[in-house]
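Peer 1: Attaching a single structure in structure tokens format; questions to follow.
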Amino acid sequence: MISFQPGQAVSHAYILSAASPEEREEESVSLAAAMLCESEGTRPCKQCRACRKVFRGVHPDVIWVDPEVKEHRREIKVDQIRTILADAYIMPTEAEKKVYVLRSAETMNRSAQNAFLKLLEEPPKSAAFILAVGNPAQLLPTVRSRCELLRRNTEPEPPAESALKDAEDYLSACSEPSLVPRLRWCRDHENDDKETVQAFLQAALVLLTKQLGGEPILPKLSRGEALRQTRRMEQALEYLRSNVSVKHLMGLLSVPSDHT
Ligand SMILES: [Zn+2]
Numbered sequence: 020m021i022s023f024q025p026g027q028a029v030s031h032a033y034i035l036s037a038a039s040p041e042e043r044e045e046e047s048v049s050l051a052a053a054m055l056c057e058s059e060g061t062r063p064c065k066q067c068r069a070c071r072k073v074f075r076g077v078h079p080d081v082i083w084v085d086p087e088v089k090e091h092r093r094e095i096k097v098d099q100i101r102t103i104l105a106d107a108y109i110m111p112t113e114a115e116k117k118v119y120v121l122r123s124a125e126t127m128n129r130s131a132q133n134a135f136l137k138l139l140e141e142p143p144k145s146a147a148f149i150l151a152v153g154n155p156a157q158l159l160p161t162v163r164s165r166c167e168l169l170r171r172n173t174e175p176e177p178p179a180e181s182a183l184k185d186a187e188d189y190l191s192a193c194s195e196p197s198l199v200p201r202l203r204w205c206r207d208h209e210n211d212d213k214e215t216v217q218a219f220l221q222a223a224l225v226l227l228t229k230q231l232g233g234e235p236i237l238p239k240l241s242r243g244e245a246l247r248q249t250r251r252m253e254q255a256l257e258y259l260r261s262n263v264s265v266k267h268l269m270g271l272l273s274v275p276s277d278h279t
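Residue numbers (our numbering): 20 to 279.
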């Protein structure tokens with residue numbers, strides 16, 4: 020469980036990454052309590068008034084934000100972020116600050132993330148944020164760079180073999196000087212379903228992270244290309260989340276990465 024040591028500084032914004040929704044919920048409560056705990060020792064102490072209220076779900080300064088559900092799509096809308104923006108300047112009721120917990124923060128659409136970014140850039144002194152996510156890669160890099168990342172200790176599910184194979188094939192095709200292999204790969208995958216493509220993109224990010232970390236997974240892939248592909252895969256995940264079709268996505272992935 021997430022906790023702070025005595026004297027450990029508390030950031031104003033955390034990305035809390037955990038694979039299962041139950042873990043995210045549990046850790047969000049614990050982190051919110053740790054941020055408001057009045058103890059001099061390890062926080063959350065679970066004993067003080069603030070901790071007890073947070074764990075009971077009745078602390079007035081812990082504000083939970085849920086995605087809106089419409090036609091089976093879950094989304095945190097820009098209006099919800101604007102509401103937070105206005106509320107964040109109102110003084111907390113009893114704690115030193117208000118803690119906003121965004122459940123499934125990765126469901127913020129692009130305009131919501133951009134609005135949220137303004138809040139992160141100039142946060143009111145009395146506001147702090149927890150972005151609970153399954154996969155931090157789905158947040159904009161600009162949002163990620165302004166938050167401290169906390170991961171639940173459990174290892175994330177490793178990508179499926181088939182997704183890793185797709186990722187390896189695509190990235191190998193991108194290491195070729197000729198455009199033909201990648202065009203062919205993209206054409207062969209333009210009828211894949213959304214879940215398959217999402218798994219492929221996430222597997223590609225796993226491979227690219229290893230490659231950039233010094234593991235020669237794809238010997239022919241240059242560092243520059245690996246960096247560009249990382250940005251592209253993150254962008255593609257974002258597009259997929261905004262319901263861009265797989266066909267369009269394959270069109271994007273078929274052009275050289277230095278052209279996007
Ligand atoms: Zn406490």
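Note that beta-carbon positions come from the ideal geometry of N, C-alpha and C, so glycine has one too.
(1) Of all the alpha helix (DSSP H) runs that stay within the bounds of the segment 230-261, which reach a length of 4 or more residues?
(2) Quick one: residues in its chain with C-beta nearer than 6 Å to the C-beta of residue 103, no 5 flanking neighbours on either side, listed in chain order?
(3) According to DSSP, is residue 20 part of a helix, a strand, or is it coil?
(4) How many angstroms separate the CA atom of residue 157 from the CA atom of residue 75?
(5) Could you tell me the distance, in whole angstroms, from the CA atom of residue 181 to the CA atom of residue 164?
(6) How long is the line joining the alpha carbons of residue 133 and residue 90, rounded to whole angstroms?
(7) Measuring only from the beta carbon, is residue 63 closer than 7 Å to any heavy atom that is part of ligand 1?
(8) Would you mind reading off the limits of the beta strand (DSSP E) that contains residue 165?
(9) Nearest CA to the CA of residue 276: which residue from 236, 189, 212?
(10) Looking only at C-alpha atoms, which of 208, 202, 233, 167 sits nearest to residue 184?
(11) Compare the Cα-Cα distances from residue 244 to each of 260, 203, 224 and report the closest residue.
Peer 2: Well, looking at it:
(1) 242-260
(2) For the purposes of this step, residue 103 is taken as residue 84 along the sequence shown, with counting starting at 1. Only 119 meet the Cβ criterion.
(3) Counted from its first residue, the sequence shown places residue 20 at position 1. DSSP places residue 20 in coil when its eight states are reduced to three.
(4) Start at 1 with the first residue of the sequence shown, and residue 157 comes out as number 138. Start at 1 with the first residue of the sequence shown, and residue 75 comes out as number 56. For residue 157 and residue 75, the distance between alpha carbons rounds to 31 Å.
(5) Numbered from 1 along the sequence shown, position 162 holds the residue referred to as residue 181. Numbered from 1 along the sequence shown, position 145 holds the residue referred to as residue 164. Note on geometry: alpha-carbon atoms of residue 181 and residue 164 lie some 31 Å from one another.
(6) To locate residue 133, count along the sequence shown from 1; it is residue 114. To locate residue 90, count along the sequence shown from 1; it is residue 71. Going by the C-alpha atoms only, they are around 24 Å apart.
(7) Against the sequence shown, residue 63 aligns to sequence position 44. Flag set: Cβ of residue 63 near ligand 1.
(8) As a working note, residue 165 is residue 146 in the sequence shown. Premise fails: residue 165 is in no beta strand (DSSP E) and is neither H nor E.
(9) Start at 1 with the first residue of the sequence shown, and residue 276 comes out as number 257. Here the closest residue by C-alpha is 189.
(10) Here residue 184 refers to the residue found at position 165 when the sequence shown is read from its first residue. Nearest of 208, 202, 233, 167 to residue 184, Cα basis: 208.
(11) Here the question's residue 244 lines up with position 225 in the sequence shown. In terms of CA proximity to residue 244, 224 leads the group 260, 203, 224.
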